[in-house]
Ligand SMILES: Cc1ncc(COP(=O)(O)O)c(C=O)c1O
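Residue numbers (my numbering): 377 to 721.
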């Protein structure tokens with residue numbers, strides 16, 4: 377049995393709730409509120425989100441990132457469409473086929489070295505429009521931060537979205553770690569999404585210190601006219617929505633989202649700086665946010681995992697993933713390094 381209470385580097389989802397968020401939930405826990413989002417907390421959270429992303433948007437709170445991705449994609453497609461994404465995309469490998477099941481679409485995946493799509497790679501799938509034997513590409517889905525811990529620059533996103541729009545298709549962003557990407561680029565949330573041409577954003581705050589608080593944002597209200605029905609059919613309509621909403625309001629006020637993401641990213645930089653000193657460890661991706669990918673001698677991995685649980689990324693090449701979060705401390709890293717030192721002697 378693992379020591380579940382120990383902070384490790386397995387996932388930013390393994391962290392708890394940020395104390396200020398927990399207080400906000402507690403403060404919202406008074407009296408009765410109209411259910412299903414018809415309440416002042418939800419209204420305030422939507423105002424707050426609009427402060428960050430602009431007025432002319434449509435926002436829906438969701439329980440999880442998979443739900444945001446799947447229903448966001450569902451809204452923008454028909455079952456004869458296809459969705460282009462990286463081979464490593466969460467929608468492709470970590471959602472148990474839910475995007476295919478609920479949208480009926482074919483996912484067209486693209487191998488990448490660093491989790492990032494490029495127009496060249498996307499072009500491979502952009503053919504046979506109007507040909508009834510071929511699924512019709514309708515969405516390019518990118519993740520920001522990518523599943524390999526890398527970050528698209530606003531120019532890279534703009535290039536993809538211009539190309540998509542020129543070809544009459546949409547761009548969806550899986551922003552489960554959008555906050556980490558924005559602070560990494562020193563840009564606002566808006567600059568790396570709507571201003572860069574994104575049409576629909578799965579905006580996650582769970583990894584930033586919230587508890588099951590995610591949203592799908594459509595940047596063109598015409599696209600999402602009937603989304604409320606899809607959300608209900610998709611079982612993502614929360615009755616006690618106020619408790620999700622206050623988390624958004626709290627994290628998006630006084631830059632708490634930024635502080636949390638900055639801290640997580642800083643801890644990843646510190647971790648990579650320290651592990652890089654071991655010649656037996658090879659870092660495989662540029663650390664641009666809060667994930668570190670490394671090839672580690674296979675014989676020490678189970679022993680290291682016993683103390684600090686983390687996931688294998690690619691068993692075949694002995695590659696692991698270490699994630700930092702808003703509550704990672706320098707002491708956690710020092711302790712981890714000490715453990716590594718003793719195992720690599
Ligand atoms: C890139 C990415 N997208 C989406 C999600 C959301 O997944 P969940 O449905 O577990 O909230 C995750 C969670 O790990 C993720 O890493």
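Where a beta carbon is used, it is the ideal one built from N, C-alpha and C, also for glycine.
Identity of the residues DSSP links to residue i by a beta bridge
i: residue 594; result: 434 and 576
i: residue 457; result: 512
i: residue 697; result: 669 and 687
i: residue 551; result: 579
i: residue 658; result: 671
i: residue 546; result: 515
Beta-carbon proximity list for residue i, same chain, < 7 Å, skipping 5 on both sides
i: residue 524; result: 464, 490, 491, 661 and 669
i: residue 474; result: 442 and 446
i: residue 706; result: 646
i: residue 676; result: 719 and 720
i: residue 684; result: 384, 385, 712 and 715
i: residue 697; result: 667, 669, 686, 687 and 689
Cβ neighbours of residue i in the same chain (closer than 6 Å, five flanking residues each side left out)
i: residue 391; result: 701 and 703
i: residue 558; result: 565 and 568
i: residue 383; result: 708
i: residue 682; result: none
i: residue 481; result: 453, 457, 458 and 459
Cβ-heavy atom distance, residue i to ligand 1, below 7 Å
i: residue 664; result: no
i: residue 582; result: yes
i: residue 556; result: no
i: residue 610; result: no
i: residue 389; result: yes
i: residue 440; result: yes
i: residue 476; result: no
i: residue 548; result: no
i: residue 343; result: Nothing in the structure corresponds to residue 343, since the chain is present only between 377 and 721.
i: residue 523; result: yes
i: residue 445; result: yes
i: residue 591; result: no
i: residue 462; result: no
i: residue 552; result: yes
i: residue 519; result: yes
Buried or exposed by the 16-neighbour rule on C-beta atoms within 10 Å, applied to residue i
i: residue 513; result: buried
i: residue 421; result: buried
i: residue 607; result: buried
i: residue 388; result: buried
i: residue 472; result: exposed
i: residue 526; result: buried
i: residue 578; result: buried
i: residue 723; result: Given a span of 377 to 721 for the chain in the structure shown, any question on residue 723 remains unanswerable.
i: residue 365; result: What the structure shows of the chain is the stretch from 377 to 721, and residue 365 is not part of that stretch, so it cannot be assessed.
i: residue 520; result: buried
Cutoff 8 Å; reference residue i; Cβ partners in own chain excluding five residues on either side
i: residue 603; result: 434, 436, 447, 451, 592 and 594
i: residue 415; result: 409, 617, 618 and 621
Fill in: Ordered list of alpha helix (DSSP H) runs contained in the region 378-439, each at least 4 residues
For the alpha helix (DSSP H) assignment, the uninterrupted runs of no fewer than 4 residues enclosed by the region 378-439 are, from N- to C-terminal side, 395-403 and 416-429.
Fill in: Residue ranges of each beta strand (DSSP E) within the region 470-518, 3 or longer
Runs found: 482-486.
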